[in-house]
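Residue numbers (this note's numbering), protein chains in the order written: chain A, 314 to 660; chain B, 314 to 660.
Positions of the beta carbon are idealized from the N, C-alpha and C atoms, including for glycine.
Predicted model, so just to flag it, every value in this text is computed and none were measured.
Protein chains: 2
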Amino acid sequence: MAATKEEIKELAEHIYDLDAEVYVHLGSSLGRVFNRDRERCVNELTELLTTRPQGHLVRSELGLIANMARTIEDKEERAMCMTEYNRILNEVMSLPTSFASGDVIDPILAKLNSFNVANRFSNDDHLIICISWTYGSGGIDVGFKLADKLHINYYDADIFAAVLKRLDAEKDKTIRDAAGYAHVSEELQQSPASEFEAVTHMSLKDHIKYFSRYHGLNRQDAVFFNQSDLICDMAKKEDFIIMGRCADAILTNNGIPHISIYITAPIEQRIQRAIEVNSGLDRKKARHFLKKLDKKHAHYYNFYTGRSWGNANNYDLCINSASYGIDGTVDFILRMIGRDKDKKKSE
Amino acid sequence: MAATKEEIKELAEHIYDLDAEVYVHLGSSLGRVFNRDRERCVNELTELLTTRPQGHLVRSELGLIANMARTIEDKEERAMCMTEYNRILNEVMSLPTSFASGDVIDPILAKLNSFNVANRFSNDDHLIICISWTYGSGGIDVGFKLADKLHINYYDADIFAAVLKRLDAEKDKTIRDAAGYAHVSEELQQSPASEFEAVTHMSLKDHIKYFSRYHGLNRQDAVFFNQSDLICDMAKKEDFIIMGRCADAILTNNGIPHISIYITAPIEQRIQRAIEVNSGLDRKKARHFLKKLDKKHAHYYNFYTGRSWGNANNYDLCINSASYGIDGTVDFILRMIGRDKDKKKSE
Numbered sequence: 314m315a316a317t318k319e320e321i322k323e324l325a326e327h328i329y330d331l332d333a334e335v336y337v338h339l340g341s342s343l344g345r346v347f348n349r350d351r352e353r354c355v356n357e358l359t360e361l362l363t364t365r366p367q368g369h370l371v372r373s374e375l376g377l378i379a380n381m382a383r384t385i386e387d388k389e390e391r392a393m394c395m396t397e398y399n400r401i402l403n404e405v406m407s408l409p410t411s412f413a414s415g416d417v418i419d420p421i422l423a424k425l426n427s428f429n430v431a432n433r434f435s436n437d438d439h440l441i442i443c444i445s446w447t448y449g450s451g452g453i454d455v456g457f458k459l460a461d462k463l464h465i466n467y468y469d470a471d472i473f474a475a476v477l478k479r480l481d482a483e484k485d486k487t488i489r490d491a492a493g494y495a496h497v498s499e500e501l502q503q504s505p506a507s508e509f510e511a512v513t514h515m516s517l518k519d520h521i522k523y524f525s526r527y528h529g530l531n532r533q534d535a536v537f538f539n540q541s542d543l544i545c546d547m548a549k550k551e552d553f554i555i556m557g558r559c560a561d562a563i564l565t566n567n568g569i570p571h572i573s574i575y576i577t578a579p580i581e582q583r584i585q586r587a588i589e590v591n592s593g594l595d596r597k598k599a600r601h602f603l604k605k606l607d608k609k610h611a612h613y614y615n616f617y618t619g620r621s622w623g624n625a626n627n628y629d630l631c632i633n634s635a636s637y638g639i640d641g642t643v644d645f646i647l648r649m650i651g652r653d654k655d656k657k658k659s660e
Numbered sequence: 314m315a316a317t318k319e320e321i322k323e324l325a326e327h328i329y330d331l332d333a334e335v336y337v338h339l340g341s342s343l344g345r346v347f348n349r350d351r352e353r354c355v356n357e358l359t360e361l362l363t364t365r366p367q368g369h370l371v372r373s374e375l376g377l378i379a380n381m382a383r384t385i386e387d388k389e390e391r392a393m394c395m396t397e398y399n400r401i402l403n404e405v406m407s408l409p410t411s412f413a414s415g416d417v418i419d420p421i422l423a424k425l426n427s428f429n430v431a432n433r434f435s436n437d438d439h440l441i442i443c444i445s446w447t448y449g450s451g452g453i454d455v456g457f458k459l460a461d462k463l464h465i466n467y468y469d470a471d472i473f474a475a476v477l478k479r480l481d482a483e484k485d486k487t488i489r490d491a492a493g494y495a496h497v498s499e500e501l502q503q504s505p506a507s508e509f510e511a512v513t514h515m516s517l518k519d520h521i522k523y524f525s526r527y528h529g530l531n532r533q534d535a536v537f538f539n540q541s542d543l544i545c546d547m548a549k550k551e552d553f554i555i556m557g558r559c560a561d562a563i564l565t566n567n568g569i570p571h572i573s574i575y576i577t578a579p580i581e582q583r584i585q586r587a588i589e590v591n592s593g594l595d596r597k598k599a600r601h602f603l604k605k606l607d608k609k610h611a612h613y614y615n616f617y618t619g620r621s622w623g624n625a626n627n628y629d630l631c632i633n634s635a636s637y638g639i640d641g642t643v644d645f646i647l648r649m650i651g652r653d654k655d656k657k658k659s660e
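Laid out in structure tokens, this is it:
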């Protein structure tokens, strides 16, 4: 809406009058935002309505008037003032110079963010939840329980390591502990891990072919790029929860919608949990262990994604698990994706 | 549940048998997690079920079995396997040594977190939403629109400055720009700001008495502690949105339930918005301006709260506004507090 100077002045007059009206109803010396003569106030308001960034002060002034208007005891009078307030607010907000104009949205990010209501109902992409977490925050428990409640597949470092180990064994090579910090159990290392293929519907031969593409890279890089391919393939075929693996950055780079969540907790809670899980660890050792692990995670993530690990502006959402608990965090995420009502969707 | 060694071994046998069962249904060489002899696998599983932290590997193994079981085509067979899986999972989770035992929850934080469903319905505390935000993230617009949609009061730096200015004027002192980075408009500086009293129902004299308590402190400290008292008083009386003012830390320290949200966006989006709002700013200047402001905010917050500003583990939630947009962020928060359905609650 391109408003003329005249129209803006009229709007300023309405704001001044509303303030005066609210003041009359409250019947005391309290509550007047504009307490000087009409002309001067209207001129200043007109000026503010067309100026940025000072224009944001209009927001505070309108806020004050609304705060006051809500205290009017007579129900009808209050409703009248609030109706006028809403009308004025809408008009102010629609000004091209208004404090409310413009947005901070990144269209690409927004399109990929499955939390956005509009997105969720405008396509039938798979539900993919990427969880990054700090050790001791219970993030991995949240992911596992979430997958269980949603009846969707769950992928973590151990599962990926098992898959890649199998691929590699087929080539008579060893990439033991290839992902750097992914620790692989004897059981998983020796398991066929071929269930993974059934899921991705890709033949082992194809996997090996893909794997070969990265010859010439060092082992860790090969693992990373191989993982990236797997993740993108999976994303075309099924809903799943994926823990770490830089999956958020990989999916964003490939334009695949997903939800990215970072789970952490204050260091004291994390230390407590680390001690609980690793009997024999004392507080000092636990603290040192967590700091070292955080550094390693950050380095890995930053190296492969160019983003800063744990920085809120990389994720759709960061959750402090200490203020929800593990089950509370699961419930919270279910609520956010609108799945707290349906206990069972598919089996 | 204190399980005997015998019971745990039985559980391990059930896991092994479920894996074999799933393998039979899938009828191929794919899908066997435990592909060695029964005794050895059961013994290893029994060991894992009683050991932390290696016990978390059981989670991955169970995850793999579930991922596979969901691919069984025959509906009845699938349901049978999933029922057995759920039974086993519940039993494993209830083991005192299970990967799922223990929590990361901080009982104090959790009790104060109004996002927790249990909390929200177990008491009738006021709805208080504390928003911290980075300049250019649109956080302040989110707060204002949210207050408008919820029909609750909105308090920002300008409003607080006006109140404190008025209090101070009564004492013939000047605390102009006292809050450090709170910029006060001429209009607001000259407004009576007494609407605030109507809200807090505290006489000016009382406020001055409170204010006097902090004599001997420097001006900024006095303002901070005065704000803290106001915020705690308000929290006893009404629902509101409060922007910044370290309100999250103040309310936590005073044991008052609230929701704390941190809103930010990637630096490029913030620069874009800063330029849009402050015409004449170039990219380089905008970047410098934002970095300086972030530093100032962090310093203020850290100084008064001892917490680290913008660190995800201080807040109940961090939201990346670039992946929602301003209106999208408002909708998202409304959804989280279960207020997306009721357009009008009270006027």
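Output needed for residue i: all residues of its chain with C-beta closer than 8 angstroms, excluding positions within five of it in sequence on either side, in chain order.
i        : result
B:Gly368 : Leu361, Leu362, Thr410, Ser411 and Phe412
A:Lys486 : Residue placement at A:Lys486 is flagged as unreliable, the pLDDT there being 35, under the threshold of 50; the coordinate-derived value follows with that caveat. Around A:Lys486: no qualifying Cβ.
B:Glu551 : His439, Ile465, Asn466 and Val512
B:Leu339 : Met381, Thr384 and Ile385
B:Tyr329 : Phe347, Arg351, Cys354, Val355 and Leu358
B:Phe428 : Ile572, Asp629, Leu630, Met649 and Ile650
Quick one: using the 10 Å Cβ neighbour count with 16 as the cut-off for buried, is residue i buried or exposed?
i        : result
B:Arg583 : buried
B:Asp332 : buried
B:Val497 : No answer about B:Val497 holds up, because its pLDDT of 35 lies below 50 and its placement is not dependable.
B:Glu404 : buried
B:Glu374 : buried
A:Gly568 : exposed
B:Arg586 : buried
A:Ile321 : buried
B:Val337 : exposed
B:Gly619 : exposed
A:Ser407 : exposed
A:His601 : exposed
B:Asp595 : exposed
B:Asp387 : exposed
A:Arg558 : buried
A:Arg349 : exposed
A:Arg372 : buried
A:Ala599 : buried
A:Ser636 : buried
A:Ser592 : exposed
A:Lys605 : exposed
A:Lys597 : exposed
A:Ala562 : buried
Within its chain, find whatever has a CB closer than 7 angstroms to the CB of residue i; leave out the 5 residues flanking it on each side and keep chain order.
i        : result
A:Ala379 : Tyr398
A:Lys462 : Val643 and Leu647
B:Ser621 : Asn615 and Asn627
A:Ile453 : Trp446, Asp469 and Met556
B:Ala560 : Cys443 and Ile544
A:Asn633 : Thr577 and Ala578
B:Asp663 : The requested residue 663 of chain B is not part of the displayed model; chain B covers only 314 to 660.
Near residue i, what residues of its chain come up, given a Cβ to Cβ distance below 6 angstroms and the 5 sequence neighbours on each side ignored?
i        : result
B:Gly357 : The sequence given here has Glu at residue 357 of chain B, not Gly. Closer than 6 angstroms at Cβ, skipping near neighbours: no residue.
A:Cys631 : Tyr575 and Ala625
A:Gly456 : Ile444, Ile554 and Met556
B:Asn566 : none
A:Leu611 : The residue you asked about is not Leu; residue 611 of chain A is Ala in the sequence shown. For A:Ala611, where only same-chain residues beyond five positions count, the Cβ hits under 6 angstroms are Trp622.
B:Asn426 : Asp629
B:Thr577 : Thr447 and Ser450
Could you tell me whether any non-hydrogen atom of the ligand SAH is closer than 6 angstroms to the CB of residue i?
i        : result
B:Ile544 : Judged by which ligands are present, the structure shown has none, so any question about the ligand SAH falls away.
Query raised in the report: Using 8 angstroms as the threshold, is the stretch 416-423 of chain B in touch with the stretch 534-542 of chain B, meaning 3 or more CB pairs across them?
Result: no
Query raised in the report: Just by C-beta distance, which residues in the stretch 549-569 of chain B are closer than 7 angstroms to chain A?
Result: none
Query raised in the report: What residue ranges within the stretch 562-606 of chain B form continuous alpha helix (DSSP H) runs of no fewer than 4 residues, ordered along the chain?
Result: 580-590
Query raised in the report: Using a beta-carbon distance cut-off of less than 9 angstroms, what residues from the stretch 575-594 of chain A approach chain B?
Result: Tyr575, Ile576, Thr577, Ala578, Pro579, Ile580, Glu581, Gln582, Arg583, Gln585, Arg586, Ala587, Glu589, Val590, Asn591 and Ser592
**Report entry** Whole runs of the beta strand (DSSP E) within the stretch 372-412 of chain A, excluding any shorter than 3 residues
**Finding:** none
**Report entry** Proximal residues, the stretch 611-637 of chain B versus chain A, C-beta separation under 8 angstroms
**Finding:** Gly623, Ala625, Asn626, Asn627, Tyr628, Asp629, Leu630, Cys631, Ile632, Asn633, Ser634, Ala635, Ser636 and Tyr637
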